[in-house]
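Its first residue numbered 16, the sequence shown is counted upward by one per residue in the numbering used here. Notes follow once the structure below has been shown.
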Amino acid sequence: MDKKLLEKYRRGTCSEDEQQYVRHWIEDPANASLLYQWMQEQWYEMDIMNRPAIDLKPVWEKIDDHTKVSADIDFPESGSKVAQLTAFWKTRIRVAATIIAVLLGGIGGGWYFFGQHNDIIYQTSYGEVKRIVLPDSSVVVLNGNSTLHYPALWDNTHKREVWLEGEGFFSVRHKPDDQKFLVHTTDNFTIEVVGTQFSVFEQRGQTRVVLNNGKIKVHLKADVNKKTSGLEIKPGELVEYNDRDQQLIRRKVNPEIYSSWKDNQLIFEDTPLSEVALRLERCYGLSVQLDETIKDKRLTGRMDIQNLDVLLEAMSSSFNLKVIQKKDSIIIHPNP
């Protein structure tokens with residue numbers, strides 16, 4: 016196997032015949048040692064500190080689903096860096112080829128950490144907040160139960176583009192040549208940035224953007240097709256969009272409220288309990304069942320994100336509610 020062909024495969028520039036040839040070669044256990052040596056060389060050349068953490072448990076589950084290979088594997092803790100995987104693979108060379116196949120190209124789509132699509136993927140679990148430094152030194156703080164992905168190769172000749180599912184706070188670095196930075200949420204909604212700070216929330220086809228400072232534009236797919244300039248947002252403004260009715264709503268807000276989670280704070284200012292429930296689900300990974308009759312009641316207050324009991328007590332006493340807290344859920348309804 017020519018290493019140049021392997022590198023070509025990793026970059027996603029192989030023909031279909033070349034892809035098939037490389038995949039067969041990777042899946043042959045006889046080639047595991049050569050693969051290990053090549054991957055080790057590649058890791059030393061990569062910018063390891065800016066690579067995402069990889070949890071091998073779901074990777075192995077994906078391998079097992081497709082190959083029916085089984086092995087006694089002691090998984091390292093979630094959050095281990097790629098560079099730390101070398102010792103793990105040295106002691107398990109008989110399954111290295113299969114794991115490398117997943118990390119190089121994925122099996123059945125989705126796990127493209129270093130794959131054919133050249134995407135780097137960050138994922139957070141419920142209650143987890145992750146700070147990510149992008150290749151251009153822009154920073155994204157990713158809230159719980161969220162996913163961010165972007166092309167592994169960024170340069171000055173292409174737009175800087177990321178795709179967000181969930182919630183994130185962006186500090187985008189301005190480029191001297193005004194190179195665009197695009198954040199895609201749903202298929203129909205894109206945020207265009209020059210250099211600024213803003214928060215984005217996306218869930219179930221609804222996107223909310225709040226601008227802290229700087230300047231951004233939001234584009235609907237229909238606007239792009241018509242080559243219109245998009246809607247410019249000013250600092251302190253919130254824009255909401257829903258895929259269902261495809262309408263943009265703009266209003267003035269306090270931006271701090273919508274990005275307080277990144278500083279481990281929860282701030283509510285005349286916030287409907289329906290919105291409070293969504294915040295609890297994302298921050299704590301709990302299923303919140305809210306009685307329909309109280310969804311429009313509004314809460315104002317500030318508290319540490321660790322003090323869930325304080326928040327629930329405040330809701331209970333303020334609105335005369337009964338709050339039932341179970342292991343994975345919260346049930347809130349009016350007191351009889």
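For every residue, glycine included, the Cβ atom is placed at its ideal position computed from N, Cα and C.
1. Provide the residue(s) that pair with I135 in DSSP beta bridges, ordered along the chain.
2. Does T113 pass the burial test, meaning 16 or more other C-beta atoms within 10 Å, or should it be called exposed?
3. Would you check if the distance between the CB atom of A167 and the CB atom of D134 is smaller than 8 Å?
4. In the DSSP assignment, what are the bridge partners of D319?
5. Among the candidates V144, H199, S153 and L163, whose CA atom is the shortest distance from the CA of Q212?
6. Inspect the CB distances between the segment 327 to 335 and the segment 177 to 196 and report whether three or more fall short of 8 Å.
7. Just reading off the alpha helix (DSSP H) that V291 is part of, what are its end residues?
8. For the 8 Å Cβ check, are there 3 or more pairs between the segment 280 to 290 and the segment 246 to 259?
9. For D306, which residues in the same chain have their Cβ closer than 8 Å to its Cβ, ignoring the five residues on either side in sequence?
10. How would you label T200, buried or exposed, when you count the other beta carbons within 10 angstroms and need 16 or more for buried?
11. Quick check on R259: buried or exposed, where buried means 16 or more other Cβ atoms within 10 Å of its Cβ?
12. What's the C-alpha gap between I320 and R38?
13. For I264 and G181, what's the separation of their Cα atoms in angstroms?
14. From the DSSP output, in three-state form, read off N46 for me.
15. Only counting the same chain, and skipping five residues up and downstream in sequence, which positions put a Cβ closer than 6 Å to that of F216?
16. When you compare the CB positions of L157 and F204, do they come within less than 8 Å of one another, or not?
17. Closest by CA to N335, which one among S344, N160 and R313?
On the basis of the data shown:
1. Y165
2. Only weak support is given to the placement of T113: the predicted model assigns it a pLDDT of 41, under 50, and the value that follows is read from those uncertain coordinates. By the 10 Å Cβ count, T113 comes out buried.
3. yes
4. Q280
5. S153
6. no
7. L288 to Y299
8. no
9. I347, H348 and P349
10. buried
11. exposed
12. 47 Å
13. 19 Å
14. helix
15. E182 and R223
16. no
17. R313
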